[in-house]
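Asks: 3 is the number of the first residue of the sequence shown in the numbering used here; add one for each residue after it. Cβ atoms here follow ideal geometry from the backbone N, Cα and C, with glycine treated the same way.
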Amino acid sequence: PLTDSPHHKNANILLNYMQNYHEEISKGANSKLPVLSQVKPNQIFNSLPKSAPQKPMPFEEILHSFDQKILPGITHWQSPNFFAYFCANFSYPALMGDMLASMMNVIGFSWICSPACSELEQKTLDWLAGILDLPQFYMGNGVIQGTASESTLVALIAAREKIKKKHEELITSVGGTSSVSIKSVDASKLCVYASDQSHSSVTKACMILDIPNIRLIKSHPDTFEMDVHHLKRTIREDLENGLVPTMCVATCGTTSSLAVDNLQEIGPVCEKHCIWLHIDAAFLGSACICPEFRGKYLTGIEYSNSFNFNPHKWLLTNFDCSTMWIRDADKNDMIDSLSITPEYLRNKHTDQKEVNDYRDWQVPLGRKMRSLKLYFVMCAYGVEGLQDYIRSHCKLASEFCKWIRQDERFEVWPKPKSSLVCFYLKGHPNEVLKQLMDRLNASGKLFLTHTVLNERMVLRMSINSAFLTQENTLKEAWEIIQQETTQLLKTTSENK
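1) Taking only runs of the alpha helix (DSSP H) that begin and end inside the region 221-297, which ones reach a length of at least 4 residues, in chain order?
2) Within 10 angstroms of the Cβ of Lys191, are there 16 or more other Cβ atoms? Answer buried if so, exposed if not.
3) If Asp282 sits next to Thr253, beta carbons under 8 Å apart, how far is it from one beta carbon to the other, in whole angstroms?
4) Sort Glu457, Leu491, Lys375 and Trp480 by Cα distance to Asp100 and report the nearest one.
5) Under the three-state reduction of DSSP, which class applies to Asn310: helix, strand or coil?
6) What residue range is occupied by the uninterrupted beta strand (DSSP E) comprising Met439?
7) Would you report the Cα separation of Val251 and Gln266, rounded to the nearest angstrom?
8) By DSSP, does Ala90 sit in helix, in strand, or in coil?
9) Would you call the region 129-147 and the region 356-375 in contact, with 3 or more CB pairs under 8 Å?
10) Give the DSSP-derived three-state secondary structure of Asn215 in the structure shown.
11) By how many angstroms is the C-alpha of Pro8 removed from the C-alpha of Ile213?
12) Taking the alpha-carbon positions, what's the Pro95 to Gln489 distance?
13) Going by alpha carbons, who is nearest to Ser116 out of Leu438, Asn358, Ser221 and Asn215?
14) Taking buried to mean at least 16 other C-beta atoms within 10 Å of its own C-beta, is Lys333 buried or exposed?
15) Whose C-beta lies closer than 6 Å to the C-beta of Trp1 among residues of the same chain, with five residues either side of it excluded?
16) Have a look at His452 and Arg235 and give me their C-alpha separation to the nearest angstrom.
17) Where does the unbroken alpha helix (DSSP H) through Gln45 begin, and where does it stop?
18) For Ile27 and Glu433, I'd like the C-alpha separation in whole angstroms.
19) Under three-state DSSP, which class holds Leu16?
20) Between the alpha carbons of Thr494 and Thr475, how many angstroms are there, rounded?
21) How long is the line joining the alpha carbons of Cys89 and Glu242, rounded to whole angstroms?
22) Return helix, strand or coil for Thr352, following the three-state DSSP convention.
23) Taking the Cβ atom as the reference point for each residue, do Ala189 and Leu155 lie within a distance shorter than 8 Å?
24) Measuring CA to CA, which of Ile159, Cys290, Glu63 and Asp229 is closest to Ala135?
25) Of all the options Ala382, Ile277 and Lys298, which has the alpha carbon lying nearest to the alpha carbon of Gly287?
26) Which residues in the same chain have their Cβ closer than 6 Å to the Cβ of Cys119, if we skip the five residues on either side of it in sequence?
27) From Tyr346 to Ser112, what distance separates their C-alpha atoms?
28) For Tyr87 and Ile392, I'd like the C-alpha separation in whole angstroms.
29) Locate the alpha helix (DSSP H) running through Gln56, then write down its first and last residues.
30) Can you round the beta-carbon distance between Leu435 and Leu461 to whole angstroms, since I take them to be within the 8 Å contact cut?
31) Would you kindly report the start and end of the unbroken alpha helix (DSSP H) that includes Ser324?
32) Can you look up Ser181 in the DSSP assignment and give me helix, strand or coil?
33) Excluding sequence positions up to five away, which residues of its chain have a Cβ less than 8 Å from the Cβ of Val385?
34) Residues in its own chain within less than 6 Å of Asp335 by CB, not counting five upstream and five downstream?
35) Quick one: residues in its chain with C-beta nearer than 6 Å to the C-beta of Pro43, no 5 flanking neighbours on either side, listed in chain order?
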């Protein structure tokens, strides 16, 4: 039994280590652990032995080697002063759900492998669809992918299948005399549309599927949402050139600035031309569990064929957990394009189509029980607790904007949405702002990243860490930014 083995003792040691780690990084700027790892390339690699140990190592020695040799190479994504990208969310309920999943180590590619694995996933995604008030056609049609990039790829695979079926039906209906040939759905003729602010995963999905026609539609220079007039014009030109409009990716919260594409305008365009509309709400989708954000950002979702967001970004669920829904009428297009059933996977429930076999809803065959951590989070916090969590970060972001505006050296731009704040130094070139960012990150006290909008560099402050709960912690980070700015501008002035 576990209680009689060293693993029970080691587990307690590890739990204590984890608690101490979280207490340390919770200190923010005062932590002895720099937020951004300060190691040099190959430093960790070269510090480890050249070959694996020949004999077992005591657990304490393994943990010590982690603490001394591996931890220095970790950038601390759970630090309250991690403001870069969009931080990976964390909670103890999610961790415990993940521990149970690891304990059972289920590989749930088919329902029969573990019925609870499939059915809990379907139920938790129905719960989440209800909280988000998604259209009824998404109920019962949710799946957990690893990342939003995978969701975009699966959506494009399904969209390609739908186009293929559409043209095959057209050829059959006219007895093979149509001018439209099966070659018209070759990958070289398919077109995919997305804003020039969309995530790089859209382009990557096209690369994987050998679709060369990725149309990056211009965005508005002030809001950075997709220019729908340019979208219409581009689709018209592609049709005139004998190409096949296949999928449009509308972004609900771009990585750079949280720009939101107008679904009410894009949706009818896609509907008119039978274009698959996929909504990428990777980060901002979490905010839409609050009615005030859902009304702002998801109006027009009824036009979509698929929808995705990442609870692991801002809904207290540990990585990886990317929730995706497929419209009921389009589900078979996805399954038909991804389903292969060799004899060794056959069973009566699958053959009779009584169950969801999620291996047919994704690229890989194997899959872990990711729904368990999401189930623990939803049960432990409840809808109201999760909504309070989202609103608390939005409130902190609002306060941060006030502080910036009180400092005449800075400008908040563009207009913030939810918990991402972008800002820059007024009257200074991009290079000076880059120097400021590099100084801040090198200090180890915080970590933030940048983007470029209309050739202007801005710093991105993503305020969504699960460990960022106090206004004082954020205020300390802002004071560090101010201090480094004063020192940098003084040095810049002296060097002129």
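Replies: Let me spell this out:
1) 230-242 and 265-274
2) buried
3) 5 Å
4) Lys375
5) strand
6) Run containing Met439: none in the beta strand (DSSP E); it sits in the alpha helix (DSSP H), Asn432 to Ala444.
7) 14 Å
8) coil
9) yes
10) strand
11) 54 Å
12) 43 Å
13) Asn358
14) buried
15) Summary: the structure shown does not reach residue 1, with the chain confined to residues 3 through 498, and so no result is reported for it.
16) 32 Å
17) Gln45 to Ser49
18) 31 Å
19) helix
20) 29 Å
21) 44 Å
22) helix
23) no
24) Per the sequence shown, residue 135 should be read as Asp rather than Ala. The option with the nearest alpha carbon to Asp135 is Cys290.
25) Lys298
26) Val108, Gly110 and Met371
27) 12 Å
28) 17 Å
29) Unbroken run through Gln56: none, as it is neither H nor E.
30) 7 Å
31) Taken as a continuous stretch (DSSP letters only), Ser324 belongs to no alpha helix (DSSP H), being part of the beta strand (DSSP E) at Ser324 to Ile328.
32) Since pLDDT at Ser181 reaches only 39, below the 50 mark, its modelled position is unreliable, and no value is offered.
33) Ile133 and Ile291
34) Ala160, Glu163 and Lys164
35) none
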